[in-house]
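Protein chains in written order, with my numbering: chain A, 373 to 684; chain B, 373 to 684.
2 protein chains.
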Amino acid sequence: MGLSAKETFAGDTEARRHPPAPGILRAKVRSLAPSMTRSMQRVAETVAADPAACAQLTVTALAHRTGTSEATVVRTARVLGYPGYRDLRLALAALAAQQQAGAAPSVTADIAVTDPLPEVVAKLAQEEQLCLSDTAAQLDTAQLEAAVAALATARRTDVYGIAASALVGQDLTQKLLRIGMLAHCHSDPHLAVTNAVQLRPGDVAIGISHSGSTVDVIEPLRVAFDQGATTVGITSRRDAPIAQYADIVLTTAPGRESELRPAAMSSRTSQLLLVDCLFIGVAQRTYDSAAPALSASYEALTHRHSAAGPRP
Amino acid sequence: MGLSAKETFAGDTEARRHPPAPGILRAKVRSLAPSMTRSMQRVAETVAADPAACAQLTVTALAHRTGTSEATVVRTARVLGYPGYRDLRLALAALAAQQQAGAAPSVTADIAVTDPLPEVVAKLAQEEQLCLSDTAAQLDTAQLEAAVAALATARRTDVYGIAASALVGQDLTQKLLRIGMLAHCHSDPHLAVTNAVQLRPGDVAIGISHSGSTVDVIEPLRVAFDQGATTVGITSRRDAPIAQYADIVLTTAPGRESELRPAAMSSRTSQLLLVDCLFIGVAQRTYDSAAPALSASYEALTHRHSAAGPRP
DNA sequence: CCCACCTTCGAAAATAGCTTTCAGCCATGG
DNA sequence: CCATGGCTGAAAGCTATTTTCGAAGGTGGG
Numbered sequence: 373m374g375l376s377a378k379e380t381f382a383g384d385t386e387a388r389r390h391p392p393a394p395g396i397l398r399a400k401v402r403s404l405a406p407s408m409t410r411s412m413q414r415v416a417e418t419v420a421a422d423p424a425a426c427a428q429l430t431v432t433a434l435a436h437r438t439g440t441s442e443a444t445v446v447r448t449a450r451v452l453g454y455p456g457y458r459d460l461r462l463a464l465a466a467l468a469a470q471q472q473a474g475a476a477p478s479v480t481a482d483i484a485v486t487d488p489l490p491e492v493v494a495k496l497a498q499e500e501q502l503c504l505s506d507t508a509a510q511l512d513t514a515q516l517e518a519a520v521a522a523l524a525t526a527r528r529t530d531v532y533g534i535a536a537s538a539l540v541g542q543d544l545t546q547k548l549l550r551i552g553m554l555a556h557c558h559s560d561p562h563l564a565v566t567n568a569v570q571l572r573p574g575d576v577a578i579g580i581s582h583s584g585s586t587v588d589v590i591e592p593l594r595v596a597f598d599q600g601a602t603t604v605g606i607t608s609r610r611d612a613p614i615a616q617y618a619d620i621v622l623t624t625a626p627g628r629e630s631e632l633r634p635a636a637m638s639s640r641t642s643q644l645l646l647v648d649c650l651f652i653g654v655a656q657r658t659y660d661s662a663a664p665a666l667s668a669s670y671e672a673l674t675h676r677h678s679a680a681g682p683r684p
Numbered sequence: 373m374g375l376s377a378k379e380t381f382a383g384d385t386e387a388r389r390h391p392p393a394p395g396i397l398r399a400k401v402r403s404l405a406p407s408m409t410r411s412m413q414r415v416a417e418t419v420a421a422d423p424a425a426c427a428q429l430t431v432t433a434l435a436h437r438t439g440t441s442e443a444t445v446v447r448t449a450r451v452l453g454y455p456g457y458r459d460l461r462l463a464l465a466a467l468a469a470q471q472q473a474g475a476a477p478s479v480t481a482d483i484a485v486t487d488p489l490p491e492v493v494a495k496l497a498q499e500e501q502l503c504l505s506d507t508a509a510q511l512d513t514a515q516l517e518a519a520v521a522a523l524a525t526a527r528r529t530d531v532y533g534i535a536a537s538a539l540v541g542q543d544l545t546q547k548l549l550r551i552g553m554l555a556h557c558h559s560d561p562h563l564a565v566t567n568a569v570q571l572r573p574g575d576v577a578i579g580i581s582h583s584g585s586t587v588d589v590i591e592p593l594r595v596a597f598d599q600g601a602t603t604v605g606i607t608s609r610r611d612a613p614i615a616q617y618a619d620i621v622l623t624t625a626p627g628r629e630s631e632l633r634p635a636a637m638s639s640r641t642s643q644l645l646l647v648d649c650l651f652i653g654v655a656q657r658t659y660d661s662a663a664p665a666l667s668a669s670y671e672a673l674t675h676r677h678s679a680a681g682p683r684p
């Protein structure tokens, strides 16, 4: 040495081209340990025992923790097949992440009164995600298609909804108005009925009710139905009372309830997804008039936003 | 400055104590990108687009690849919440490993005018799911906690929101009312200001605006702020004008826009998740009064549902 | 038992990579 | 048109990693 091969290439150059995958680290440690010197074994074992923690450490820190020197740590990394400590460290981080990912059971339990906020956030987000995929999965696209077709050619559209469903109705209405369609949402049952009487064939009436048995929504929809308008029911049960007066029934996913979160509240997500689908469907089919209308309403609102950029 | 704070602490020291988990990176990039400078955006996007590849690069290499300088790369890492590039790189490696493990292919393309309905449904559902996890990921739970605490003890609560955000505000209001809290949502700017003047310390005012620059929402919030009420801003940009008058800022995920689905529309999902989190948080903390109030309002509504079961 | 040689190891020098500073540039507003 | 302030990259400064090198300890042969 100077004589024997410089340590520089101790681990052979091949490592530079094919750095090993992280998963095999444990196996490598076990199979290579016997051929390592004692202090290198200490390093290798420490690393295999707690990759996550070691990924946080610098060479110096790891050397210190294993009671060895930086040089030894680097040598160990080389033996394990990495070009240097830096790369071993990256692999450790990756390994730790993989392990953690595998261990993530995902929070499916109910939201409890004692849950800390971060957990509440996680659970809520996950619940709503589930609700969305459920809704999409069980949706009857033929019915949706029919509803879109009716809306796209409607002379006018009435929407009925109460309480939480009223908000969904208003959301739909706002969107339809933005693409130049004539739409109204009624949550006052009397006014709703009064308006329903005005409808005639070719018009569309949409009743939104999670339970499907809200009289204040059923009633105007029945009137609209009797007037010959095309009626759409948005509810969680295909056999709900509201379905009697609905030419088209779109079903929402029931959504799990819990004490803090009654069904009426969790239905919202599902209903809104339907509303978005309806809206996009209609916008597609009336694109020539919808697109200009959309940008026009966008333009019109620009001056309602303050010009100010970030905090002065 | 010598003028402004030394860049050293640009990312604030908190990053040193709570380095963000890897999973959130995409969400963070999306939510923080708007407030970044152009060259930082280039770095952030490159990194988000291919974490695995970037994990292999040194600062210099990444700077070169993005056509920027080392300094910019480090600055970006800071903004993303890491103490420096080294740590961002570790997180990237971890993220890449996680992704590979999860390997979710998924339809990420924009919704096109020509998409058939079933595809629209799938894309919408997935987009909203992404939006939800982004929102949960980037949410600052400390701020949320503060908002919940303020709401739980508020004498009264005012909510300001316009157009789509008005619906979100009403949703929150409905829920708070159900657990016996005094809450109102104002979408008429004049009435909103009139009401804001009535507020005093101990009251809470919440302004909801996706852009964070809607004057009709900022104005009443400013008044409430001046009155000494605790003010909360719900917006997609932490540095939006509305933040000036918000004691607490809750950020929503930006949500990808497309021609058929402008940002204002896709913001809804994110805002509603926040609202739900607020509500559950408050309900937990006022459980003794909230639970009876919830069931009371449930009871009161029963007779508004028709007794009829399945179609007679 | 002693010597020559080899292996293993860590201190410290050398280097590569990361971070900070700083001065120039460009856009913005007066 | 100038002043101001934010954005940027070049380069200085520093830290972490890598390499060198020689000392300590062990081993086998004389």
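The beta carbon of each residue, even a glycine, is placed where N, CA and C say it ideally should be.
- At least one CB of chain B lies nearer than 8 Å to the CB of His677 (chain A).
- Identification of chain B residues near Asp648 (chain A) by a Cβ-Cβ cut-off of 7 Å yields Leu496, ordered along the chain.
- Within chain B, the residues Glu500, Gln501, Leu504, Thr641, Leu644, Leu645 and Asp648 have their CB atoms less than 9 Å from the CB of Glu500 (chain A), given in chain order.
- Neighbours of Ala425 (chain B) in chain A, taken as residues at a C-beta separation under 7 Å, are lacking, since the least C-beta distance is about 13 Å.
- Residue environment analysis places Leu666 (chain B) among the buried positions, since at least 16 neighbouring C-beta atoms fall within 10 angstroms of its C-beta.
- A direct Cα-Cα distance of roughly 52 Å separates Ser669 (chain B) from Val415 (chain B).
- Asp543 (chain B) counts as buried, since no fewer than 16 other beta carbons sit within 10 angstroms of its beta carbon.
- Within chain A, the residues whose beta carbon sits less than 8 Å from that of Leu516 (chain B) are Leu489 and Val493, listed in sequence order.
- With a cut-off of 8 Å on Cβ pairs, the segment 430 to 445 of chain A is not in contact with the segment 498 to 508 of chain A, counting fewer than three such pairs.
- With contacts defined as CB atoms closer than 8 Å, Val520 (chain A) and Ile578 (chain A) fail to qualify as a contacting pair.
- For Leu511 (chain B), the nearest beta carbon of chain A is closer than 8 Å to its own beta carbon.
- Ranking B:Ala424, B:Arg458, B:Tyr454 and B:Gly439 by CA distance to the CA of Thr430 (chain B) puts B:Arg458 first.
- Residues of the segment 580 to 611 of chain A that bring their beta carbon within less than 8 Å of a beta carbon in chain B comprise Ser583, Ser585, Thr586, Val587, Asp588, Ile590 and Asp611, in sequence order.
- Among the residues facing chain B, Val485 (chain A) is included, as its CB has a counterpart in that chain under 8 Å away.
- Chain-order list of chain A residues neighbouring Tyr532 (chain B): empty, with the shortest C-beta distance near 14 Å, by a criterion of under 7 Å.
- If one requires a minimum length of 3 residues, the beta strand (DSSP E) runs lying completely within the segment 531 to 559 of chain A are 555 to 558, in chain order.
- Val647 (chain A) carries a helical assignment under DSSP once its states are collapsed to helix, strand and coil.
- Between Leu523 (chain B) and Leu650 (chain B), the CB-CB gap stays under 8 Å.
- The three-state reading of DSSP puts Gly653 (chain B) in helix, counting H, G and I together.
- In the structure shown, Arg402 (chain B) falls within a helical segment according to DSSP collapsed to helix, strand and coil.
- Burial check for Pro613 (chain B): the Cβ neighbour count within 10 Å reaches 16 or more, so the residue is buried.
- DSSP, reduced to helix, strand and coil, places Ile614 (chain B) within a helical segment of the structure shown.
- Of the residues A:Thr525, A:Pro490, A:Leu511 and A:Val654, the one whose Cα lies closest to the Cα of Pro573 (chain A) is A:Thr525.
- Along the length of the segment 574 to 627 of chain B, whole alpha helix (DSSP H) runs at least 4 residues long occupy 587 to 598, reported in chain order.
- In the structure shown, the three-state DSSP call for His675 (chain B) is coil.
- When rounded, the separation of the alpha-carbon atoms in Glu591 (chain A) and Val565 (chain A) is 7 Å.
- Proximity of Gly552 (chain B) to chain A, defined by a Cβ-Cβ separation below 8 Å, is not satisfied.
- One thing to note: Arg676 (chain A) has its Cβ no nearer than 8 Å to the Cβ of Ala536 (chain A).
- Under a 10 Å Cβ-count criterion, Leu462 (chain A) is classified as buried, with 16 or more other Cβ atoms of the shown protein chains found around its own Cβ.
- Think of a sphere of 8 Å around the beta carbon of Thr507 (chain B): the chain A residues whose beta carbon falls inside it are Ala497, in chain order.
- Excluding five sequence positions before and after Val569 (chain B), the CB atoms of its chain that fall closer than 8 Å to its own CB belong to Val595 and Gln599, given in chain order.
- Proximity to Ser559 (chain B) across B:Ala449, B:Leu549 and B:Thr545 peaks at B:Thr545, based on C-alpha coordinates.
- Straight through space, the alpha carbons of Ser407 (chain A) and Cys503 (chain B) are spaced by roughly 51 Å.
- Annotation for Gly541 (chain A): Val531, Gly533, Cys557 and Ile580 place their beta carbon closer than 6 Å to its own, counting only its chain and skipping 5 residues before and after.
- Interface residue (Cβ-Cβ distance to chain A less than 8 Å): Gly453 (chain B) is not classified as such.
- Residues of chain A whose Cβ lies closer than 7 Å to the Cβ of Gly439 (chain B) do not exist, since the nearest Cβ in that chain is about 24 Å away.
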